[in-house]
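Comments concern the structure below.
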Amino acid sequence: MNKESEAFKGTISRDFVKKEALKNNLFLFILAISLILTFIIYLVLSGEFNFDLFLLLTLVCVIIPYLIIAPISAWYFTAYKRSFSYIIQENNIVINHGVFTKMRATIPYKRIQNINIVCGVFDRMFKTYTVKIETAGHSAVSSGTKSRGIGPEGYIPGLKDPHIIENRIKEMIFKSSLPPEGLEENIFKPNELAFDNFISYILSKMREGELLQTSIKDLRENVDMSASQLAERVGVPLQTIQYLEEGRYNPSLVLAYKIAEVLDCTIEELFKLK
């Protein structure tokens, strides 16, 4: 597998484990020094420095916990690295991760708002980068503090060359924003008829909506879901859901299928002829 194909479907670098192990050991070392200094100060202020007691406290409170925590954390970071994978597909990005709880995040390109590449102090030591993908409704999470077990929706750490992924994602976003093949030729040409054909298409969809009775709002409320949540789940603006619930136009089959899938019902339950 070449370098670019690994970027489109692959895992994170082994240096991610080394970086996290270094951060963890550094934290444990600082904590151990703090505890040892605390023991020394306590024993000195108590009026008599008992060296045997000092060794016992150091063994029980510092050495033994370190020997337990260090291997467990090393195992966890290794398992996290093995469980993490990402796939840049034609229509979305799929990220699999999780040690104890396996998680799968599917991010449609239409929801991506920004792509950030982060290289912290420890990242520079191991020449690794983190890609954070800001999505609609999750931007605050993606730009905030990450969690070991969950992490932001669009979080890919431990990358050696993040620009390959960044460029690939931007390329796929651009492709997904293009009109369907043949649509421009059939609707928007010749140029002098583009506006008339577009208005005619919109009016026909609105007239079709008058022939349908929609149950989207009732089914949505039955599962305790807001209109904005439904819009985010199916990947459309909130206004689209509002128009559909008002029966102002006839949706495409793809959108109707997505709504039915999210609301766990059939398309026949969503729309009925008046």
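For the sequence shown, counting from 1, position 213 maps to 257 in this note's numbering; every step adds exactly one.
Glycine included, C-beta positions come from ideal geometry on N, C-alpha and C.
Check, Outcome
"Considering only the beta carbon of each residue, do G202 and I177 sit closer than 9 Å?", "no"
"Which of the three DSSP states is assigned to T82 in this structure?", "helix"
"Would you say L297 and I260 are within 9 Å of each other, going by their C-beta atoms?", "no"
"By Cβ distance below 8 Å, which residues in the same chain neighbour K67 in space, the five residues on each side in sequence not counted?", "F166"
"For the alpha helix (DSSP H) that T172 lies in, which residues bound it at each end?", "T172 -> no alpha helix (DSSP H), and no H or E assigned at all."
"If you compare alpha carbons, which of K204, A275, M169 is closest to I303?", "A275"
"From F60, S90, I311, pick the residue whose C-alpha is nearest to that of M169; which is it?", "F60"
"With a threshold of 8 Å, are at least 3 pairs of Cβ atoms found where one atom belongs to the stretch 87 to 107 and the other to the stretch 203 to 213?", "no"
"Mapping the DSSP letters down to three states, classify I200 as helix, strand or coil.", "strand"
"Measure how close the beta-carbons of V162 and T174 come, nearest whole angstrom, since I'm counting them as under 8 Å.", "4 Å"
"Using the C-alpha atoms, what's the distance from I139 back to K125?", "13 Å"
"Please identify the residue among L282, N266, A300, L263 whose C-alpha is closest to the C-alpha of S272.", "L282"
"With H, G and I counted as helix, E and B as strand and the rest as coil, what does DSSP make of I303?", "helix"
"According to DSSP, simplified to helix, strand and coil, what is P115?", "helix"
"Per DSSP, which residues does I131 bridge with? Please list them.", "K53, V138"
"Identify whether M216 lies in helix, strand or coil by the three-state DSSP scheme.", "helix"
"Roughly how many whole angstroms lie between the Cα atoms of A300 and A76?", "59 Å"
"If we ignore side chains and look at the alpha-carbon of each, how far apart do E215 and F121 end up?", "32 Å"
"Just the C-alpha distance for L111 and F71, rounded to the nearest angstrom, thanks.", "14 Å"
"Are there any heavy atoms of the ligand GDP lying less than 8 Å away from the beta-carbon of F93, as far as the coordinates show?", "The ligand GDP is not among the ligands present in this structure, which contains no ligands whatsoever."
"Where does R148 fall in DSSP's three states?", "strand"
"Would you call Y92 buried or exposed, if buried means 16 or more other Cβ atoms sit within 10 Å of its Cβ?", "Correcting the residue type first, residue 92 is Glu in the shown sequence and not Tyr. Answer is exposed; the Cβ neighbour count stays below 16."
"Between the alpha carbons of S187 and Y130, how many angstroms are there, rounded?", "Caution applies to S187, whose pLDDT of 43 falls short of 50 and renders its modelled position unreliable; the value that the coordinates give is listed next. Going by the C-alpha atoms only, they are around 19 Å apart."
"Is F128 near T55, with beta carbons less than 9 Å apart?", "yes"
"Let's test the definition: count the other Cβ atoms within 10 Å of the Cβ of T172 and tell me whether it reaches 16, buried, or not, exposed.", "buried"
"Could you check the C-alpha separation between I116 and Y287 for me, to the nearest Å?", "54 Å"
"Quick one: Cα of I311 to Cα of T284, how far?", "17 Å"
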